[in-house]
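Student: Just so you know, the protein sequences line up as chains S and X, in that order.
If you use this note's numbering, the first sequence corresponds to residues 28 to 215, in order.
If you use this note's numbering, the second sequence corresponds to residues 28 to 215, in order.
Even for Gly, the Cβ is constructed at its ideal location relative to N, Cα and C.
I am attaching a structure below and will ask some questions about it afterwards.
2 protein chains.
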Amino acid sequence: MLRISTRDQILNIAQALAQTRGFNAFSYADIAEELGIRNASIHHHFPSKLDLEAELLSRYRSVFVNELSNIRSEEAKSAGCLQRYTQLYFDTLKSHRVCLGGMMASDVGALPDVLAPSLNAFFEEQLEWLTSVLRTGKKNGELNYSGSAESQANLLLAALQGGLMITNATNDEAIFMSMSKTLLAQLK
Amino acid sequence: MLRISTRDQILNIAQALAQTRGFNAFSYADIAEELGIRNASIHHHFPSKLDLEAELLSRYRSVFVNELSNIRSEEAKSAGCLQRYTQLYFDTLKSHRVCLGGMMASDVGALPDVLAPSLNAFFEEQLEWLTSVLRTGKKNGELNYSGSAESQANLLLAALQGGLMITNATNDEAIFMSMSKTLLAQLK
DNA sequence: GTCTATAGGTGGATAGAC
DNA sequence: GTCTATCCACCTATAGAC
Numbered sequence: 028m029l030r031i032s033t034r035d036q037i038l039n040i041a042q043a044l045a046q047t048r049g050f051n052a053f054s055y056a057d058i059a060e061e062l063g064i065r066n067a068s069i070h071h072h073f074p075s076k077l078d079l080e081a082e083l084l085s086r087y088r089s090v091f092v093n094e095l096s097n098i099r100s101e102e103a104k105s106a107g108c109l110q111r112y113t114q115l116y117f118d119t120l121k122s123h124r125v126c127l128g129g130m131m132a133s134d135v136g137a138l139p140d141v142l143a144p145s146l147n148a149f150f151e152e153q154l155e156w157l158t159s160v161l162r163t164g165k166k167n168g169e170l171n172y173s174g175s176a177e178s179q180a181n182l183l184l185a186a187l188q189g190g191l192m193i194t195n196a197t198n199d200e201a202i203f204m205s206m207s208k209t210l211l212a213q214l215k
Numbered sequence: 028m029l030r031i032s033t034r035d036q037i038l039n040i041a042q043a044l045a046q047t048r049g050f051n052a053f054s055y056a057d058i059a060e061e062l063g064i065r066n067a068s069i070h071h072h073f074p075s076k077l078d079l080e081a082e083l084l085s086r087y088r089s090v091f092v093n094e095l096s097n098i099r100s101e102e103a104k105s106a107g108c109l110q111r112y113t114q115l116y117f118d119t120l121k122s123h124r125v126c127l128g129g130m131m132a133s134d135v136g137a138l139p140d141v142l143a144p145s146l147n148a149f150f151e152e153q154l155e156w157l158t159s160v161l162r163t164g165k166k167n168g169e170l171n172y173s174g175s176a177e178s179q180a181n182l183l184l185a186a187l188q189g190g191l192m193i194t195n196a197t198n199d200e201a202i203f204m205s206m207s208k209t210l211l212a213q214l215k
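Below is the structure:
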């Protein structure tokens, strides 16, 4: 049973709040209450809320990139990679959250300028991975699609992000299920 | 030159702010400043911020429904309807905004409970319209797709909403362009 | 319908004791 | 590293004059 540092607990709680309400709809007080410590103690770990937001995005990105790398090395087939990728979104849905990147994207007008490049990179990382998987799959004769691998990657990312958002809001799991099934079926 | 009522000007400004920053990242003071009146005057038109948010969503829904009805009566072909529908999202993108419904969906954890049914209805209206257009198109032999019209409607809505969000955040118009082109091409 | 003035609460943030 | 105490800015909202 590993002990989780206070710092990590703060990040976990903040991330959950950010993925459900949005980053501007929760406060240090919300974190403090759930964690059972005082408001000021959180400032010791993250002096400003911008520090917290930056670390949240940075951590989310590196976890995601790591996951993508694992999928690629564990799954022999491209279709398997895409299935696992879709599953990541479905897992997020089941926890009644949206993607932190998608959340920040939707509030981009309120996002501090210094974080814009990092958010941009988050989406680029997804698109590069998807493009590579799609290209490999076509070369192997395992996948089939019209147009470029890039445009199909754009479509996959957009549909999964949008589907996650809408399904989470309407609380109708069937929307995500039928959408993602159709999406993947069209690549065969 | 029609005179716009103060009430409508408030709604217009609030909508622009909500579609760029999110509803919880702007205040009455922001509206007051842009409109050149005082904070308290806005409360005369919308006593609470919940009143404002409710009216914003209600108005947005009815404008959208109206638009969908117009498209249906003006366009003879299903493909033309879908093209026009996609254009609505592209117009939103050009004004550096996201869909108000998508914005509220992403912050659904902060959305007042009384507005949830209305947000739900917004998405249902889109899906019903899309499903009907897709079904008609297939019957006419004008469109071709696998799976049900409902699942294709889910995919269209999700992809356009997600594509709008991501493209607005990355400021890379090409993502939306290539995504939407591929999306529509696959229905032929 | 708009104003001034103000209330009451919450936001992020800091100083300094323990 | 966490606490108490406190600051100041901002937020939503109301009362009452014009």
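Nearer than 7 Å: is that true of the beta carbon of residue 120 (chain X) relative to any heavy atom of the ligand ZN?
Tutor: In terms of ligand content, the structure shown is empty, and the ligand ZN therefore cannot be addressed.
Student: Would you check if the distance between the CB atom of residue 22 (chain X) and the CB atom of residue 138 (chain X) is smaller than 8 Å?
Tutor: As displayed, chain X neither begins before 28 nor continues past 215, which places residue 22 (chain X) out of reach and without an answer.
Student: Between which residues of its own chain and residue 191 (chain S) is the CB-CB distance below 8 Å, once the five residues before and five after are set aside?
Tutor: Stepping through the first sequence from its first residue, residue 191 (chain S) is reached at position 164. Result list for residue 191 (chain S): 116, 119, 120, 125, 126, 129 and 203, in chain order.
Student: Mark residue 185 (chain S) as exposed unless 16 or more other C-beta atoms lie within 10 angstroms of its C-beta, in which case mark it buried.
Tutor: Working through the first sequence from its first residue, we reach residue 185 (chain S) at position 158. With 16 or more Cβ atoms within 10 Å of its Cβ, residue 185 (chain S) is classed as buried.
Student: Since residue 67 (chain X) is in the alpha helix (DSSP H), which residue starts that stretch and which ends it?
Tutor: Numbered from its first residue, the second sequence carries residue 67 (chain X) at position 40. Its alpha helix (DSSP H) spans residues 66-72.
Student: Could you check how far apart the C-beta atoms of residue 109 (chain X) and residue 211 (chain X) are, in whole angstroms? I think they sit under 8 Å.
Tutor: For the purposes of this step, residue 109 (chain X) is taken as residue 82 along the second sequence, with counting starting at 1. For the purposes of this step, residue 211 (chain X) is taken as residue 184 along the second sequence, with counting starting at 1. That belief holds up - the Cβ atoms of residue 109 (chain X) and residue 211 (chain X) are roughly 6 Å apart, short of 8 Å.
Student: Any idea if residue 77 (chain S) is buried or exposed, counting beta-carbon neighbours within 10 angstroms, 16 or more meaning buried?
Tutor: On the first sequence, residue 77 (chain S) is found 50 positions in, with the first residue counted as 1. Exposed: under 16 other Cβ atoms inside 10 Å.
Student: Answer yes or no: do residue 51 (chain X) and residue 52 (chain S) have a C-beta to C-beta separation smaller than 8 Å?
Tutor: As a working note, residue 51 (chain X) is residue 24 in the second sequence. As a working note, residue 52 (chain S) is residue 25 in the first sequence. In contact: residue 51 (chain X) and residue 52 (chain S) (Cβ atoms closer than 8 Å).
Student: Pick helix, strand or coil for residue 213 (chain S), following the three-state DSSP scheme.
Tutor: In the first sequence, residue 213 (chain S) corresponds to position 186, counting from 1. Residue state, collapsed to three classes: coil.
Student: Could you give the uninterrupted runs of the alpha helix (DSSP H) lying entirely in the segment 109-135 of chain X, keeping only those of 4 residues or more?
Tutor: Listed in chain order, the complete alpha helix (DSSP H) runs (minimum 4 residues) inside the segment 109-135 of chain X are 127-133.
Student: Check whether the segment 138-154 of chain S and the segment 81-101 of chain S touch, using three or more Cβ-Cβ pairs below 8 Å as the test.
Tutor: With the cut-off at 8 Å, the segment 138-154 of chain S and the segment 81-101 of chain S touch.
Student: Once the 5 residues before and after residue 160 (chain X) are set aside, which same chain residues still bring their CB inside 6 Å of it?
Tutor: Position 133 of the second sequence holds residue 160 (chain X). Excluding residues within five positions, the ones whose Cβ falls inside 6 Å are 105 and 108.
Student: Touch check for the segment 162-176 of chain X and the segment 86-96 of chain X: three-plus C-beta pairs under 8 Å?
Tutor: Because the criterion of three Cβ pairs below 8 Å is not met, the segment 162-176 of chain X and the segment 86-96 of chain X do not touch.
Student: Name, please, each residue of chain X whose Cβ falls closer than 9 Å to the Cβ of residue 40 (chain S).
Tutor: Here residue 40 (chain S) is taken as the residue at index 13 of the first sequence, counted from 1. Near residue 40 (chain S) there are no residues of chain X at all, since even the closest Cβ is about 14 Å away, more than 9 Å.
Student: Within this structure, are the beta carbons of residue 142 (chain S) and residue 80 (chain S) separated by less than 8 Å?
Tutor: Residue mapping note: residue 142 (chain S) aligns to position 115 of the first sequence, counting from 1. Residue mapping note: residue 80 (chain S) aligns to position 53 of the first sequence, counting from 1. Yes, they are a contact pair.
Student: Is there a C-beta anywhere in chain X that falls below 8 Å from the one on residue 62 (chain S)?
Tutor: As a first step, residue 62 (chain S) must be located in the first sequence, where it is residue number 35. So, not an interface residue.
Student: Ordered along the chain, which non-local residues of its own chain (more than five positions away) have a Cβ less than 6 Å from that of residue 66 (chain X)?
Tutor: Locating residue 66 (chain X) in the second sequence gives position 39, where the first residue counts as 1. 55, 56 and 59.
Student: Write down every uninterrupted run of the alpha helix (DSSP H) in the segment 120-206 of chain X whose length is 4 residues or greater and which is fully enclosed by it, in chain order.
Tutor: You should have 127-133, 143-166 and 176-197.
Student: In chain S, what lies closer than 8 Å to residue 178 (chain X) by C-beta?
Tutor: Indexing the second sequence from 1 puts residue 178 (chain X) at position 151. Correct list: 205, 206, 208 and 209.
Student: Residues in the segment 147-165 of chain X with C-beta within 7 Å of chain S's C-beta atoms, listed in sequence order?
Tutor: For the segment 147-165 of chain X, which is checked against every Cβ of chain S, the residues closer than 7 Å are 147 and 150.
Student: On the CB-based measure, 16 or more other CB atoms within 10 Å of its CB, does residue 11 (chain S) come out buried or exposed?
Tutor: Outside the displayed range of chain S (28 to 215) lies residue 11 (chain S), so it cannot be described from this structure.
Student: Could you say which of X:134, X:209 and X:88 lies nearest to residue 187 (chain X) if we only look at CA atoms?
Tutor: Along the second sequence, read from residue 1 onward, the residue named residue 187 (chain X) stands at position 160. Among X:134, X:209 and X:88, the Cα nearest to that of residue 187 (chain X) is on X:209.
Student: How big is the Cα-Cα spacing for residue 135 (chain X) and residue 112 (chain S)?
Tutor: Residue numbering aside, residue 135 (chain X) sits at position 108 when the second sequence is read from its first letter. Residue numbering aside, residue 112 (chain S) sits at position 85 when the first sequence is read from its first letter. In a straight line, the C-alpha of residue 135 (chain X) is about 24 Å away from that of residue 112 (chain S).
Student: Can you list, in chain order, the residues of its chain with a C-beta nearer than 7 Å to that of residue 99 (chain X)? Leave out the 5 residues immediately preceding and following it.
Tutor: Here residue 99 (chain X) refers to the residue found at position 72 when the second sequence is read from its first residue. Result list for residue 99 (chain X): 108, in chain order.
Student: Would you kindly report the start and end of the unbroken alpha helix (DSSP H) that includes residue 54 (chain X)?
Tutor: Translated into the one-based positions of the second sequence, residue 54 (chain X) becomes position 27. Run containing residue 54 (chain X): none; DSSP gives neither H nor E here.
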